[in-house]
Amino acid sequence: MKKSNLNNLIFINKYPKNFLIFLPMIFSYNINYLNTITCLAGFIIFSLIVNICYLTNNFVDHEIDKYNKLKSNCIILKKNTIIFLNSFLFFFILVLFFTDYFSFYLYLYLALFYIYTFYLKKVFLIDIIILSFFYIIRIYYGSDIIDEKISVGFIIFFLLLFLILAIYKRITQININKLKNNNKVVAYSVKSLKFLKYTSDCLIIFSIIFLANFLLLNNSFFENLFKFNFSGSLLQGFFILILYILNFLRIRKLVFFNKVKKDIVDFILFDPYSLLSSIALVIVLGSLYL
């Protein structure tokens with residue numbers, strides 16, 4: 048593992064995840080100068096918080112990460128530096144309380160981060176749920192700072208996506224490290240692969256059924272329960288569904304056959320095909336009403 052290096056303390060490759068903050072503004076068609084500046088400020092704030100969280104996580108897990116090939120080059124700071132950074136983080140959020148960029152979700156994110164890092168990272172399935180919540184909190188934070196409500200259906204759909212990605216993260220860790228029972232990295236091993244693959248496939252199928260009902264069938268149950276309907280044509284809905292299915296089938300194949308050699312979200316963000324298809328999917332899904 049690398050020792051601390053000022054040139055490697057900024058996790059720029061992790062910042063794109065924080066663009067989730069912009070989704071409520073985009074999907075609600077409430078794009079204006081004020082909301083854009085607010086979301087941009089929120090993006091910067093969340094990036095600072097996340098950066099310190101990654102540095103903290105690397106410090107806490109520095110012994111465990113010796114067995115994790117995905118984190119063989121992580122940065123390790125001294126204990127006093129980590130304490131200072133986390134103290135600064137609480138002071139920083141306290142100052143935000145007096146601005147328009149404060150949100151309860153910032154404290155929720157930090158609370159979940161500490162609980163996950165120190166207690167729940169190796170708890171079977173609970174870790175996967177919390178990993179997905181980290182992404183959902185970003186969306187809720189984005190909606191809170193621009194005062195835009197989010198529908199239950201919107202969150203359910205994205206929660207399904209993030210649960211699948213969290214499972215793929217664990218599958219990738221297992222495959223790359225060839226983890227056995229009672230390993231020091233995660234609560235899963237090679238013997239867990241069948242269960243994880245089956246669970247992710249079930250979630251994919253459920254998400255496809257959910258999306259198909261919304262896009263193609265004009266199901267009144269979904270419209271009444273989730274407070275949105277699809278305004279596009281049947282052809283547009285079919286295009287979105289096919290794009291979604293093809294994209295996930297490709298990612299699924301790459302993960303299951305150990306072709307992904309990095310964090311799954313990093314892979315999607317920097318893989319040209321995955322990035323292009325994901326952007327196209329996000330754009331056309333703008334027809335969802337929050």
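Residue numbering for the sequence shown is 48 to 337, as defined by the working numbering. Positions of the beta carbon are idealized from the N, C-alpha and C atoms, including for glycine.
With a 10 Å radius around its C-beta and 16 neighbouring C-beta atoms as the bar for buried, classify residue i as buried or exposed.
i, result
"A158", "exposed"
"T219", "buried"
"L87", "exposed"
"I298", "buried"
"F160", "buried"
"S134", "exposed"
"Y148", "buried"
"L81", "exposed"
"I197", "buried"
Taking only the alpha-carbon atoms, compute the straight-line gap between residue i and residue j and give it to the nearest angstrom.
i, j, result
"L281", "K309", "37 Å"
"D191", "R185", "10 Å"
"N115", "V232", "7 Å"
"F201", "S247", "19 Å"
"F273", "K125", "Low confidence applies here, because F273 scores a pLDDT of 47, under 50, leaving its location unreliable; read the following figure in that light. Cα-Cα distance, rounded: 48 Å."
"C121", "Y320", "27 Å"
"K216", "I78", "33 Å"
"L290", "F69", "22 Å"
"N105", "N260", "42 Å"
"P63", "L258", "25 Å"
"T128", "L102", "10 Å"
"S324", "L208", "15 Å"
"L153", "A234", "27 Å"
"V170", "L178", "12 Å"
"H109", "F180", "24 Å"
"Y245", "F138", "44 Å"
"V409", "L296", "Absent from the model: residue 409. The displayed extent of the chain is 48 to 337, so no value can be given."
"K306", "L141", "43 Å"
"L67", "F90", "9 Å"
"L301", "I214", "14 Å"
"D318", "N294", "12 Å"
"L243", "D112", "22 Å"
"I176", "F165", "16 Å"
"L95", "V199", "29 Å"
"I123", "F151", "30 Å"
"F145", "T83", "20 Å"
"I292", "N230", "34 Å"
"I130", "F58", "19 Å"
Within this structure, are the beta carbons of residue i and residue j separated by less than 8 Å?
i, j, result
"I311", "L212", "yes"
"I99", "L132", "yes"
"F204", "S254", "yes"
"G284", "L316", "no"
"K241", "N228", "no"
"L210", "L172", "no"
"S236", "I221", "yes"
"N65", "D313", "no"
"Y85", "I183", "The amino acid at residue 85 is misidentified as Tyr; the sequence shows Thr. Contact: no."
"D174", "Y163", "yes"
"I223", "L136", "no"
"F93", "Y188", "yes"
Can you tell me which residues form a DSSP beta bridge with residue i?
i, result
"I211", "In DSSP, I211 forms no bridge with anything."
Which first and last residues belong to the alpha helix (DSSP H) in which residue i is found?
i, result
"C100", "80-107"
"T128", "126-143"
"I183", "173-192"
"N294", "281-303"
"T246", "240-262"
"F314", "311-317"
"F151", "151-162"
"I73", "70-74"
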